[in-house]
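Q: As you go down the protein sequences, you meet chains F and P in turn. Using this note's numbering, you'd call the opening residue of the first sequence number 1 and step up by one each time. Using this note's numbering, you'd call the opening residue of the second sequence number 184 and step up by one each time. Ideal placement from N, C-alpha and C gives every residue a C-beta, glycine not left out. It should be emphasised that the depicted structure is a prediction, and the values quoted were computed from it without experimental measurement.
Number of protein chains: 2
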Amino acid sequence: MFGGVIVVKELALSKVYQLLEPGPVAMLTTAHKGCANVMTMSWHMMVEFEPPQVACIVSNANHSFAALRATGECVIAIPAWRLAAKVVKVGNCSGRDIDKFAAFGLSTLPAARVAPPLIRECFANLECKITDKRLVNKYNLFILEVVKAWIDPAQRKPKTIHHHGYGTFVVDGPTIKLRSRMR
Amino acid sequence: MFGGVIVVKELALSKVYQLLEPGPVAMLTTAHKGCANVMTMSWHMMVEFEPPQVACIVSNANHSFAALRATGECVIAIPAWRLAAKVVKVGNCSGRDIDKFAAFGLSTLPAARVAPPLIRECFANLECKITDKRLVNKYNLFILEVVKAWIDPAQRKPKTIHHHGYGTFVVDGPTIKLRSRMR
Chain F
1 MFGGVIVVKE LALSKVYQLL EPGPVAMLTT AHKGCANVMT MSWHMMVEFE
51 PPQVACIVSN ANHSFAALRA TGECVIAIPA WRLAAKVVKV GNCSGRDIDK
101 FAAFGLSTLP AARVAPPLIR ECFANLECKI TDKRLVNKYN LFILEVVKAW
151 IDPAQRKPKT IHHHGYGTFV VDGPTIKLRS RMR
Chain P
184 MFGGVIVVKE LALSKVYQLL EPGPVAMLTT AHKGCANVMT MSWHMMVEFE
234 PPQVACIVSN ANHSFAALRA TGECVIAIPA WRLAAKVVKV GNCSGRDIDK
284 FAAFGLSTLP AARVAPPLIR ECFANLECKI TDKRLVNKYN LFILEVVKAW
334 IDPAQRKPKT IHHHGYGTFV VDGPTIKLRS RMR
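What follows is the structure, encoded as structure tokens:
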């Protein structure tokens with residue numbers, strides 16, 4: 001509930017892996033000293049089903065790195081393919097220089113358990129807290145726990161994008177179902 | 184060159200991230216005490232461009248875990264969607280019980296720098312060595328360096344699969360190109 005209108009709906013934490021395991025391009029928001037920021041991120045993976053743990057690389061060349069390390073909090077937001085142009089723009093500039101939310105018309109919503117904002121236009125938002133920093137210095141690798149997850153019920157069967165380098169993205173195609181015992 | 188016939192072609196290590204960053208379902212081969220094995224894996228991410236470093240989760244419930252930890256070597260093989268049924272079968276049984284290569288008709292080729300085999304039917308094979316085990320005990324998380332990479336030139340524009348849980352996979356759809364400064 002935000003402002004009396006339901007715009008995002010809670011997602012069971014046990015289902016979070018189904019969003020990140022397929023490797024979609026994501027965005028990551030942080031908040032530091034009163035300023036929110038957002039970056040584009042493709043280097044992430046699931047680590048544990050439940051509670052959902054995620055690993056991600058946030059380069060120390062990124063403005064978001066200091067905010068993430070200092071506050072221990074972020075939101076991983078997953079855009080559908082219609083946001084692709086904005087996702088690239090977010091990835092091509094730095095929060096050192098501009099307010100990317102304003103510059104690219106991304107709306108924010110308050111998160112429930114962390115300070116960084118949700119991104120309204122994304123079909124999923126995962127509130128995360130850092131749980132392990134042992135590999136940060138050597139690899140910029142953070143281990144996060146997803147503490148709250150939201151989806152936008154208005155975006156049904158969203159198609160995500162997968163980065164192949166230099167602005168080339170593959171959009172989700174057909175879904176196939178195979179008999180499997182794998183979770 | 185294998186047996187005098189070129190069947191796979193070397194890929195520049197600088198391009199490896201373009202294969203793994205999009206989050207395809209992969210297979211992982213190991214070799215231990217004279218026995219090769221293969222498992223299905225979706226929890227992996229890039230860590231560094233070049234030399235390419237990769238993080239992956241190999242559960243200690245998997246037969247491959249002991250082989251990987253003991254030998255420090257594996258091959259990450261990437262199947263196109265036409266192998267999806269075999270990929271699921273590989274993921275639904277254990278190398279403790281059967282020889283999965285024989286059971287599912289997967290051919291092997293010798294790797295150049297590691298003992299585990301390449302998988303002939305996969306369009307890409309990445310020879311890897313473990314470089315960091317600090318997060319193995321707590322998260323089953325291995326940091327690997329890709330030391331040699333191969334692609335099958337006969338498989339052009341292979342479509343990969345992305346796992347959404349319980350045997351549901353999304354196949355690569357259309358490619359879009361956007362102007363970007365991101366590598």
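In this structure, what does DSSP give as the bridge partners for P:N308?
A: P:A260 and P:W333
Q: How big is the Cα-Cα spacing for P:A295 and P:K331?
A: For P:A295 and P:K331, the gap between their C-alpha atoms comes out near 8 Å.
Q: Within 9 Å (strictly less), CB to CB, does P:N275 reach chain F?
A: yes
Q: Mind checking which residues open and close the alpha helix (DSSP H) that includes F:Q18?
A: Where F:Q18 is concerned, the enclosing alpha helix (DSSP H) stretches over Y17 to L20.
Q: Between P:E204 and chain F, is any beta-carbon pair separated by less than 9 Å?
A: yes
Q: Quick check: the Cα distance between F:S42 and F:G23, rounded to an integer number of angstroms?
A: 7 Å
Q: Does any C-beta atom of chain P lie closer than 9 Å to the C-beta of F:C35?
A: For F:C35, no Cβ of chain P is located within less than 9 Å of the residue's own Cβ.
Q: Measuring alpha carbon to alpha carbon, tell me which of F:M46, F:E73, F:C56 and F:V25 ends up nearest F:A188.
A: The structure shown does not extend to residue 188 of chain F, since chain F spans only 1 to 183, so no value can be given for it.
Q: What residue ranges within the stretch 30-79 of chain F form continuous alpha helix (DSSP H) runs of no fewer than 4 residues, ordered along the chain?
A: 63-71
Q: Tell me which same chain residues have a C-beta within less than 8 Å of the C-beta of F:Q53, skipping the five on either side of it?
A: M46, V47, T131, I143, L144, E145 and V146
Q: Please confirm whether P:G278 has its beta-carbon closer than 9 Å to some beta-carbon of chain F.
A: no
Q: Consult DSSP for P:K321 and reduce its assignment to one of helix, strand or coil.
A: Note: P:K321 maps to helix in three-state DSSP.
Q: Could you name the residues of the same chain whose beta carbon sits closer than 8 Å to that of F:A12, not counting the 5 residues immediately before and after it, in chain order?
A: Closer than 8 Å at the Cβ level, and outside the excluded window around F:A12, lie A149.
Q: Against chain P, does F:E50 count as a neighbour if the rule is that its beta carbon must be under 9 Å from one of theirs?
A: no
Q: May I ask which residues mark the beginning and end of the beta strand (DSSP E) holding P:G356?
A: T351 to K360
Q: What are the start and end residues of the alpha helix (DSSP H) that includes F:K86?
A: A84 to G91
Q: Measuring CA to CA, which of F:Y166, F:R134 and F:P174 is closest to P:H346?
A: Across the set F:Y166, F:R134 and F:P174, the C-alpha of F:P174 shows the shortest separation from the C-alpha of P:H346.
Q: Using a Cβ-Cβ distance under 9 Å, would P:A268 count as near chain F?
A: yes
Q: So for P:A209, helix, strand or coil by DSSP?
A: strand
Q: Anything in chain F within Cβ reach of P:R366, meaning under 8 Å, just list it in chain order.
A: G165 and Y166
Q: Rounded to the nearest angstrom, how far is the Cβ of F:V171 from that of F:W81, given a contact under 8 Å?
A: Contact between F:V171 and F:W81 holds: CB atoms are separated by about 5 Å, below the 8 Å threshold.
Q: Given a limit of 8 Å on CB to CB distance, which residues of the stretch 282-313 of chain P reach chain F?
A: none
Q: Leaving aside the five residues before and after F:S180 along the sequence, list all residues of the same chain whose C-beta is less than 6 Å from its C-beta, in chain order.
A: none
Q: Rank P:F232, P:H246, P:C305 and P:A209 by C-alpha distance to the C-alpha of P:C218 and give the top, closest one.
A: P:H246
Q: Closer than 7 Å by beta-carbon distance: list the chain F residues that pair up with P:K192, in chain order.
A: Going along chain F, no residue has its Cβ under 7 Å from P:K192, so there is no contact; the nearest lies around 18 Å.
Q: Would you list the residues sitting across from P:D315 in a DSSP beta bridge?
A: P:I326
Q: Go through its chain and collect everything with a Cβ distance to F:N92's Cβ below 6 Å, but skip five positions before and after it.
A: none
Q: Any C-beta of chain F sitting closer than 9 Å to the C-beta of P:F248?
A: Chain F contact via Cβ: absent.
Q: Using only the alpha-carbon positions, how far apart do F:C109 and F:P117 sit?
A: Residue identity differs from the one stated: residue 109 of chain F is Leu in this sequence, not Cys. Whole-angstrom Cα-Cα distance: 6 Å.
Q: Please work out which residues of its chain come closer than 8 Å, Cβ to Cβ, to F:Q155, disregarding the five sequence neighbours upstream and downstream, and give them in chain order.
A: A80 and F123
Q: Hey, could you find the ends of the alpha helix (DSSP H) F:K100 is sitting in?
A: First-last of the alpha helix (DSSP H) with F:K100: K100 to F104.
Q: Determine, using beta carbons only, whether F:C56 comes closer than 9 Å to chain P.
A: yes
Q: Output yes or no for whether 9 Å exceeds the beta carbon distance between F:I119 and F:K9.
A: no
Q: Relative to the C-alpha of F:L68, which residue among F:A115, F:R183, F:Q18 and F:A102 is closest?
A: Cα-wise, what sits closest to F:L68 is F:A115.
Q: I need the straight-line Cα distance from F:A84 to F:R183, nearest angstrom please.
A: 29 Å
Q: Considering only residues of the same chain and omitting the five flanking positions on each side of P:P341, which have a CB-CB separation below 7 Å?
A: A263 and F306
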